[in-house]
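Engineer:
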Amino acid sequence: MCAKELSRRRVLEIGGMSALGALLASCTGGGTQGGSPVRGGDLVYATNMDIETLDPAFSQNFSERFAYYAMFNTLVAYDKDFNIVPELARKWQLDKKNGRMVFHLQPNVKFHDGTRCDAAAVKWNLDRLLDKSTNSPLLGLLSPPVTAVKVVDDLTVGIDLDRPWRPLLASLGERPGFIVSPTAVDKYGEDFGRNPVGSGPYQFVRFTPGSELAMKRFDGYWQKDEAHLDTITMRHAADQQVQMSMLRAGEAHIMDALSPQLAVTLENAEGVALKTRETGDWYACQMDVDKPPFDDIRLRQAIALATNREGARKVLFRNEARVATSPIGIGWAYDSADELTYPFDVEAAKSKVAQAGATGLSVDYINSSESNYQEMAQLLYGAFSKIGLDIKVGTVPGADYYTKVVEDELNWSVTKWTPRADPDGLLRILFHSSGSQNSTGYRNRDVDRLLDEAAGVFDTAEAAKIYTEVNEIIERDAPYAWVVWPNTIVAHREDVGGLTLYPDSIYRLRDLWLTANL
6 MCAKELSRRR
16 VLEIGGMSAL
26 GALLASCTGG
36 GTQGGSPVRG
46 GDLVYATNMD
56 IETLDPAFSQ
66 NFSERFAYYA
76 MFNTLVAYDK
86 DFNIVPELAR
96 KWQLDKKNGR
106 MVFHLQPNVK
116 FHDGTRCDAA
126 AVKWNLDRLL
136 DKSTNSPLLG
146 LLSPPVTAVK
156 VVDDLTVGID
166 LDRPWRPLLA
176 SLGERPGFIV
186 SPTAVDKYGE
196 DFGRNPVGSG
206 PYQFVRFTPG
216 SELAMKRFDG
226 YWQKDEAHLD
236 TITMRHAADQ
246 QVQMSMLRAG
256 EAHIMDALSP
266 QLAVTLENAE
276 GVALKTRETG
286 DWYACQMDVD
296 KPPFDDIRLR
306 QAIALATNRE
316 GARKVLFRNE
326 ARVATSPIGI
336 GWAYDSADEL
346 TYPFDVEAAK
356 SKVAQAGATG
366 LSVDYINSSE
376 SNYQEMAQLL
386 YGAFSKIGLD
396 IKVGTVPGAD
406 YYTKVVEDEL
416 NWSVTKWTPR
426 ADPDGLLRIL
436 FHSSGSQNST
446 GYRNRDVDRL
456 LDEAAGVFDT
466 AEAAKIYTEV
476 NEIIERDAPY
486 AWVVWPNTIV
496 AHREDVGGLT
506 LYPDSIYRLR
516 DLWLTANL
């Protein structure tokens, strides 16, 4: 297996590399796990499952998308490098003359309830998101550029736009593009989020919040040979030590991405393999800019100056990370020449606190109970504690943390976000004034204007220049203090095949197979 190809002694002998770095050298890449697909088996994924709804129209939590990609199809999909590829839409084109995106759909697609997934169903789904009375957090990713959705024929749907809008296509490969059964939504109403019906390779069986989500293979799937497993179960385990114990004991096949400190403890685990890739995920400290004390930019600058990024990269991530300088760490808009606006300087941070008249001020620093957040929070606290603030450290349960962040209940905390195929997808929800997950309360008219301008530019080289300008403004205003772009490290049983690591760190459970049953 990959994780045992190098003995402990040999790992330590390789000069210039950490033990983990050498270990992962032969386990690296986003490519697909080798071997031929095998049909059958029951896969268990041990995860800190923070699922609140199985209705994509109301989704905001990270782990929900792991389930969605198994149960639903998106209008378009991504490959392992975030290129846009066909899914429900087999092809598409932009009719510039009429300002319309036209999608040609796959034939003979049915939802799990036996109803047709056709142009009428796609229109119904998009209209549902566009209807303000639905109150979907996804509305801002479609409106205002989308003015109407029209059925051209049974397998052709047109999306009318009031302006050119490059990010639309990429957004239809994630939450706004998950297509659900209109009949099932009408049947279950508000309970659809507990009774989801899609057209994906796996269909819903049961969901017990905080315990498990069970799915089974949909034998009527339109891509007949693409669903390999009999069942997939997402089993809740908040603590990564528990997840690792399940993995070692063969009670789970795969677990959440783990830290380098934990990964190295699995190097000699029998039947366990490791896989890693560079991603655009980022850790940062976020601060509420619309309420005291972080409505004072000097305090935000102080936190940014006191953020020990190199310490986090070397100590927490054992060099399996890059120092983050912005919210874009991968893809065509990534600027490798970008430099930190506020480099590490504890004395300068202390001076900023004094200038703000905040020396001795009591400030809450509340973080998730999950081990990776706790490790990050504790390391950063070492420098934060020296800048003159009276810091009150606290925790919230990991399962509740993301919701509290999005609902603006935490004033200062460590957070983590994953990239989107188009940079607009994340920048808009976090930094545009209308952003659905703008939990910092950040408002900047120039950022709003530039984001809207960049979205209309289809030449990615030109659009990237605008995003560089956006990043400069955001970095100066410091609603976040970026820490690192970590590599994703995944531990799984050796008998798991088909595992591809994507830039967004979301496993496509639908692609997996087992060479042997547990």
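Going by the working numbering, the sequence shown opens with residue 6, and the numbers climb by one from there. For glycine and all other residues, C-beta sits at the position ideal for the given N, C-alpha and C.
Once you ignore the five residues that flank G40 on each side, which residues in its own chain have a CB closer than 6 angstroms to its CB?
Structural biologist: In the same chain as G40, and ignoring 5 residues on each side of it, the C-beta atoms closer than 6 angstroms to its own belong to G502, in chain order.
Engineer: Q442 by DSSP, collapsed to three states: which one?
Structural biologist: coil
Engineer: Given a threshold of 16 other Cβ atoms within 10 Å of its Cβ, counted over all protein chains shown, does K128 qualify as buried or as exposed?
Structural biologist: buried
Engineer: What residue does the beta strand (DSSP E) around P91 start on, and which one ends it?
Structural biologist: Run containing P91: 89-91, per the beta strand (DSSP E) assignment.
Engineer: Beta-carbon within less than 6 angstroms of P508's beta-carbon, same chain only, minus the 5 sequence neighbours each way: which residues are those?
Structural biologist: Excluding residues within five positions, the ones whose Cβ falls inside 6 angstroms are F87, T284, G285, I335, P424.
Engineer: Between the segment 490-504 and the segment 447-464, are three or more C-beta pairs nearer than 8 angstroms?
Structural biologist: The segment 490-504 vs the segment 447-464: no contact.
Engineer: Go through the segment 331-392 residue by residue and report every complete run of the beta strand (DSSP E) that reaches 3 residues or more, in order.
Structural biologist: 367-373
Engineer: Put E283 into one of helix, strand or coil per three-state DSSP.
Structural biologist: coil
Engineer: Which residues bound the alpha helix (DSSP H) around S510?
Structural biologist: Unbroken run through S510: none, as it is neither H nor E.
Engineer: Give every residue of the same chain whose Cβ lies closer than 6 angstroms to the Cβ of F183, excluding the five residues on either side of it in the sequence, and list them in chain order.
Structural biologist: P61, Y73, F77, T79
Engineer: Give the straight-line distance between the Cα atoms of N103 and I164, rounded to the nearest whole angstrom.
Structural biologist: 10 angstroms
Engineer: Give the range of the alpha helix (DSSP H) segment to which N480 is assigned.
Structural biologist: A small fix is needed here, since residue 480 is Glu in this sequence, not Asn. Run containing E480: 465-482, per the alpha helix (DSSP H) assignment.
Engineer: Please confirm whether V419 and A469 have their CB atoms less than 7 angstroms apart.
Structural biologist: No.
Engineer: For the structure I just gave you, are there three or more beta carbon pairs, one from the segment 438-448 and one from the segment 391-405, closer than 8 angstroms?
Structural biologist: no
Engineer: If you follow the alpha helix (DSSP H) that L304 is part of, which residue opens it and which one closes it?
Structural biologist: 302-310 is the span of the alpha helix (DSSP H), which, as asked, contains L304.
Engineer: Which of the three DSSP states is assigned to M239 in this structure?
Structural biologist: strand
Engineer: Use the C-beta contact count for K137: other C-beta atoms within 10 angstroms, 16 or more gives buried, fewer gives exposed.
Structural biologist: exposed
Engineer: Excluding the five sequence neighbours on either side, which residues of its own chain have a C-beta within less than 6 angstroms of the C-beta of P402, listed in chain order?
Structural biologist: S374
Engineer: With a CB to CB cut of under 8 angstroms and the five nearest residues on each side skipped, what residues in its chain are close to P206?
Structural biologist: A75, R222, F223, Y226, Q228, E231, A232, R515
Engineer: Which runs of the beta strand (DSSP E) spanning at least 3 residues fall entirely within the segment 60-88, listed in chain order?
Structural biologist: 81-83
Engineer: So, helix, strand or coil for Q208, using DSSP?
Structural biologist: strand
Engineer: Would you kindly work out how many angstroms separate the C-alpha atoms of E275 and N492, rounded to a whole number?
Structural biologist: 24 angstroms
Engineer: Here's the rule I'm using: 16 or more other beta-carbon atoms within 10 Å means buried, otherwise exposed. How should S2 be labelled?
Structural biologist: The structure shown does not extend to residue 2, since the chain is modelled only from 6 to 523, so the question has no answer here.
Engineer: Give the straight-line distance between the Cα atoms of Y83 and A426, rounded to the nearest whole angstrom.
Structural biologist: 8 angstroms
Engineer: According to DSSP, P491 sits in a beta bridge with which residue or residues?
Structural biologist: A326
Engineer: Grab me the residues of E217's own chain with a C-beta within less than 7 angstroms of its C-beta, minus the 5 sequence neighbours each way, in chain order.
Structural biologist: Excluding positions up to five away in sequence, the list reads T238, M239, R240, H241.
Engineer: Considering Cα atoms alone, identify which of T520, T408, L415, W490 is closest to S510.
Structural biologist: W490
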